[in-house]
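*Asks:* Quick one: the structure is below, questions incoming.
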Amino acid sequence: MSGSSSAADTQSKLDKAEKKIEEGQQREGVLTEKLDQLGERVDSMQAAVDALREAEQEAAAKLQQAEADLEIAIERLQTSLEELRETRRRLKVSLQVLRQRLVDIYVSGTPSIASMVLAANEYSDLVEMGPYLEAIQSRDESLVQRVRELKNEARKIVEARRDSKETIQTSRDSIAAETARLASARSETESQVASLASAKAASEEALNEVQDGIAQEEEVAADLREKLAKELGAATSVPFSLGPASTPSSNSMIWPIDGTLTSPFGPRWGRTHEGLDIAAPAGTPIAAAASGTVVLMQSEAESGGYGLFTCVDHGGGLSTCYAHQSEFGTSVGASVKQGEVIGYVGNTGNSFGDHVHFEVRINGAATDPMAYL
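So the mapping is simple: the working numbering equals the position in the sequence shown, first residue as 1, plus 122.
Set out below in structure tokens:
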């Protein structure tokens, strides 16, 4: 196999590995977001469980109070029953007295008040009978009133007994219903917490598998990059060790760093890779490939994945750009000479390791930098 075809095969394998890494990172992001959501839901449901437990404690206190109220109601009911028995006994005695009184009147033939008044011969006789007649009438009326009062008292005791029973039953039903509701709600919520915890554990396991896969693919990609750099070097005789102090090529540009070419210009992951990826240790100085003016410097938030990003205008529509820097080494508007440090190698933005992404643009359109080095 020729050097160029070998490099193409290695590049194809590298593209597949890097695509798997990208897909794995996307999957990792989805799973991480899902885990965050599940964590929030678990926390929320656990808070609900805690609230239900607190409600159960309050219900237990209410139940204890209700039991105490029931004990009081039972004691009152027992007292009412004893009072009822005593009232019935007294009522029975009073009825017996009343019956005896009626019998005595019937047997003795005690005259009615009207007959005694008609039988009186003189007014003085009627006056003398007055206290006697009043005493008889008062005694009879008192006896009748006492019987009536005892009957009313007995009725009230019966009503009190019925009310006590209803109160007891209502309290028991209320307590039973509240206890059942809390137990059911807590059981259901704990079941949901267990289900969410299980889903979270499954997602964590899946995330670990994805991260392991990414790590494996990154190892494969690193080996392929190293292999590709060697194959490209052998095929094109490109002096990959050239650095900022190197002599300009016939096309008047120098390599921005002394490093290893890990990804060339051209198709990659289904789209065009618009520059060269050159690996070097973090902090390695990045040199301007040619003299010019710094026209653009962007932060990670501004560059759309390029990390710290710098572009230099060389005139005539030609410009060079440098991405993924760890820090800047110049400023917008500065005039820089070829080989002058404009930044330092890093791993900012969408990057798989410390390197510089180097682009050459003509009127804004990316072109293969190899033609200028």
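From the three backbone atoms N, C-alpha and C, an ideal C-beta is built for every residue, glycine too.
Fair warning: this is a prediction, and the values are worked out from it, not measured in the lab.
Across the segment 438-454 and the segment 418-425, are there enough close Cβ pairs to call them in contact, namely three or more that are closer than 8 Å?
*Replies:* The segment 438-454 is in contact with the segment 418-425.
*Asks:* Between the Cα of residue 495 and those of 180, 457, 177 and 410, spot the shortest distance and give me the residue it belongs to.
*Replies:* Indexing the sequence shown from 1 puts residue 495 at position 373. Checking every option, the nearest Cα to that of residue 495 belongs to 410.
*Asks:* Considering residue 385, what are the terminal residues of the alpha helix (DSSP H) in which it resides?
*Replies:* Sequence index remark: in the sequence shown, residue 385 carries index 263 (1-based). Premise fails: residue 385 lies in the beta strand (DSSP E), 382-385, not in any alpha helix (DSSP H).
*Asks:* Nearest to residue 312 by CA position, among 432, 163, 484 and 466, is which residue?
*Replies:* Here residue 312 refers to the residue found at position 190 when the sequence shown is read from its first residue. Comparing Cα positions, the closest option is 163.
*Asks:* For the candidate residues 333, 478 and 314, whose alpha-carbon lies nearest to that of residue 148?
*Replies:* One-based indexing of the sequence shown puts residue 148 at position 26. The shortest Cα separation from residue 148 among 333, 478 and 314 belongs to 333.
*Asks:* If you count every other CB in all the chains shown that lies within 10 Å of the CB of residue 73, and 16 or more means buried, which is it?
*Replies:* Residue 73 falls outside the range modelled here, since the chain spans only 123 to 495, and no answer is possible.
*Asks:* Exposed or buried, which one is residue 336 when buried takes at least 16 other CB atoms within 10 Å?
*Replies:* Start at 1 with the first residue of the sequence shown, and residue 336 comes out as number 214. Buried, by the Cβ-count rule.
*Asks:* Is residue 300 near residue 181, with beta carbons less than 8 Å apart?
*Replies:* Position 178 of the sequence shown, counting from 1, holds the residue named residue 300. Position 59 of the sequence shown, counting from 1, holds the residue named residue 181. The answer is yes: Cβ separation under 8 Å.
*Asks:* Specify whether the segment 474-482 and the segment 430-445 touch according to this definition: at least 3 beta carbon pairs, one from each stretch, less than 8 Å apart.
*Replies:* They touch, by the three-pair rule.
*Asks:* Distance check for residue 462 and residue 427, CA to CA, integer angstroms please.
*Replies:* In the sequence shown, the residue the question calls residue 427 occupies position 305. In the sequence shown, the residue the question calls residue 462 occupies position 340. When rounded, the distance between both Cα atoms is 25 Å.
*Asks:* Under 8 Å by Cβ, that's how I've got residue 289 and residue 173 pegged, so tell me the actual separation to the nearest angstrom.
*Replies:* Mapped onto the sequence shown, residue 289 falls at position 167. Mapped onto the sequence shown, residue 173 falls at position 51. Contact flag wrong, Cβ pair sits at about 31 Å.
*Asks:* Name the DSSP beta bridge partners of residue 86, please?
*Replies:* Past the boundaries of the shown model lies residue 86; the chain is included only from 123 to 495, so the question cannot be answered.
*Asks:* If we ignore side chains and look at the alpha-carbon of each, how far apart do residue 493 and residue 376 end up?
*Replies:* Against the sequence shown, residue 493 aligns to sequence position 371. Against the sequence shown, residue 376 aligns to sequence position 254. In a straight line, the C-alpha of residue 493 is about 11 Å away from that of residue 376.
*Asks:* What number of angstroms, rounded off, separates the C-alpha of residue 154 from the C-alpha of residue 329?
*Replies:* Working through the sequence shown from its first residue, we reach residue 154 at position 32. Working through the sequence shown from its first residue, we reach residue 329 at position 207. Straight-line Cα distance between these residues: approximately 7 Å.
*Asks:* Cutting at 6 Å between CB atoms, please list the residues of its own chain near residue 359, excluding the five before and the five after it.
*Replies:* Start at 1 with the first residue of the sequence shown, and residue 359 comes out as number 237. Since pLDDT at residue 359 reaches only 40, below the 50 mark, its modelled position is unreliable, and no value is offered.
*Asks:* Between which two residues does the alpha helix (DSSP H) containing residue 423 stretch?
*Replies:* Against the sequence shown, residue 423 aligns to sequence position 301. From DSSP, the alpha helix (DSSP H) with residue 423 extends over 422-425.
*Asks:* Looking at the structure shown, is residue 396 part of a helix, part of a strand, or coil, going by DSSP?
*Replies:* If you number the sequence shown from 1, residue 396 lands on position 274. The answer is coil: DSSP assigns residue 396 none of H, G, I, E or B.
*Asks:* Given a cut-off of 8 Å, decide if residue 346 and residue 157 are closer than it, judged by their beta-carbon atoms.
*Replies:* As a first step, residue 157 must be located in the sequence shown, where it is residue number 35. As a first step, residue 346 must be located in the sequence shown, where it is residue number 224. Cβ distance not < 8 Å, so residue 157 and residue 346 don't count as in contact.
*Asks:* Would you grab the beta carbon distance between residue 429 and residue 470 for me? Rounded to a whole angstrom, and I think it's under 8 Å.
*Replies:* The residue you call residue 429 lines up with position 307 of the sequence shown. The residue you call residue 470 lines up with position 348 of the sequence shown. That pair is a contact at about 3 Å.
*Asks:* If we ignore side chains and look at the alpha-carbon of each, how far apart do residue 340 and residue 146 end up?
*Replies:* Taking the first residue of the sequence shown as 1, we reach residue 340 at position 218. Taking the first residue of the sequence shown as 1, we reach residue 146 at position 24. Cα-Cα distance, rounded: 11 Å.
*Asks:* Quick check: the Cα distance between residue 371 and residue 413, rounded to an integer number of angstroms?
*Replies:* Here residue 371 is taken as the residue at index 249 of the sequence shown, counted from 1. Here residue 413 is taken as the residue at index 291 of the sequence shown, counted from 1. Only weak support is given to the placement of residue 371: the predicted model assigns it a pLDDT of 46, under 50, and the value that follows is read from those uncertain coordinates. The alpha-carbon atoms of residue 371 and residue 413 are separated by roughly 14 Å.
*Asks:* Kindly indicate which residue of 468, 490, 432 and 487 has the alpha-carbon position closest to the one of residue 405.
*Replies:* The count along the sequence shown starts at 1 and reaches residue 405 at position 283. Among 468, 490, 432 and 487, the Cα nearest to that of residue 405 belongs to 468.
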